[in-house]
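Residue numbers (the numbering used here): 3 to 283.
Using N, Cα and C, we set each Cβ at its ideal position, and we do this for glycine too.
Scroll down for the structure; my scribbles are underneath it.
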């Protein structure tokens, strides 16, 4: 089982590479981390879900493996994958939106990944939508990802169960409210459950509010949406999101943008990471 301890993680990577028979001259390519990080320095500044701060991960993995390493944010490598090989079709400016347990963005401008001055660009999940709303994983109230992510959908489903409105959800979770996730909600929606439909309607409206902000700020030609939640629920979420987009974004801007699902599905990040040594930073 993979540990989240940074030293054990680097050792695990080295172990798996040895099993695959990698040699130092072959090169490891790149890999993505769900974190605010500096690609140039190879340092993970903050990874709340992993409990990491200021971890020199590139150096640690290179020392363990003897292989050169390219380190990048996970959503950024997914953006590169979609831009180079998937739904992006080298369209720029492009925003890749990762919709999973959280929300993040990878931004392509003039064909190049935009990272910001310190490598942290794209943390759109922390756009504040509801100032008095529930906290995100970093503890900030009302963030976009606390309202429209898979984590948010699961929370809304558990709240519905507590209020006596989630019989189907509870049944699908085997009677354990703690097991209710976005995946359970997706299955309940497929079965025609009204509570699941209401949850997706609410999450979709919040998704639209955030997308309107992205459109107003970035004026992208294309928004590609991927991630685990998008794979299961993108169509009904976008159906609920579009009225909010049209209400909150400038018409001249939302009429210019196309919003499409990721073309590479779960391989977006892997292909983007693998391409880092070949296309450079």
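I need the straight-line Cα distance from residue 90 to residue 260, nearest angstrom please.
Position 88 of the chain shown holds residue 90. Position 258 of the chain shown holds residue 260. So the two alpha carbons sit approximately 10 Å from each other.
Over the uninterrupted alpha helix (DSSP H) stretch that includes residue 255, give me the two end residues.
Position 253 of the chain shown, counting from 1, holds the residue named residue 255. 253 to 256 is the span of the alpha helix (DSSP H), which, as asked, contains residue 255.
Given a cut-off of 9 Å on the beta-carbon distance, is the pair residue 105 and residue 95 in contact?
Along the chain shown, one-based indexing puts residue 105 at 103. Along the chain shown, one-based indexing puts residue 95 at 93. No, the pair does not count as a contact, with Cβ atoms beyond the cut-off.
Among the candidates 113, 83, 72, whose CA atom is the shortest distance from the CA of residue 99?
Walking along the chain shown from the start, residue 99 turns up at place 97. Out of 113, 83, 72, 83 has the C-alpha closest to the C-alpha of residue 99.
Output the distance between the C-alpha atoms of residue 103 and residue 48, rounded to the nearest integer angstrom.
What you label residue 103 is simply residue 101 of the chain shown in a count that begins at 1. What you label residue 48 is simply residue 46 of the chain shown in a count that begins at 1. So the alpha carbons of these two residues sit roughly 17 Å apart.
Helix, strand or coil at residue 63 according to DSSP, with G and I counted as helix:
Translated into the one-based positions of the chain shown, residue 63 becomes position 61. In the structure shown, residue 63 sits in a helix (DSSP, three-state: H, G or I).
Buried versus exposed, by CB contacts within 10 Å (16 or more), residue 249
By 1-based counting over the chain shown, the position of residue 249 is 247. Residue 249 should be labelled exposed.
Any contact between the region 221 to 240 and the region 167 to 175? By contact I mean 3 or more CB pairs, one from each, below 8 Å.
no
Leaving out five residues before and five after residue 28 in sequence, what residues of the same chain have Cβ atoms less than 6 Å from its Cβ?
Working through the chain shown from its first residue, we reach residue 28 at position 26. Below a pLDDT of 50, predicted positions are generally treated as unreliable, and residue 28, at 49, falls in that range; no measurement from the model is reported.
Bridge partners - residue 284, DSSP secondary structure assignment
Since the first residue of the chain shown is 3 and the last is 283, residue 284 is not available in this structure.
For residue 268, is the classification buried or exposed, using 16 other Cβ atoms within 10 angstroms of its Cβ as the cut-off for buried?
To locate residue 268, count along the chain shown from 1; it is residue 266. Per the 10 Å Cβ criterion, exposed.
Pick from 189, 266, 46, 274: whose alpha carbon is nearest that of residue 63?
Against the chain shown, residue 63 aligns to sequence position 61. That would be 46, whose Cα lies nearest to the Cα of residue 63.
So, does the region 72 to 80 touch the region 108 to 122, judging by three or more C-beta pairs under 8 Å?
yes
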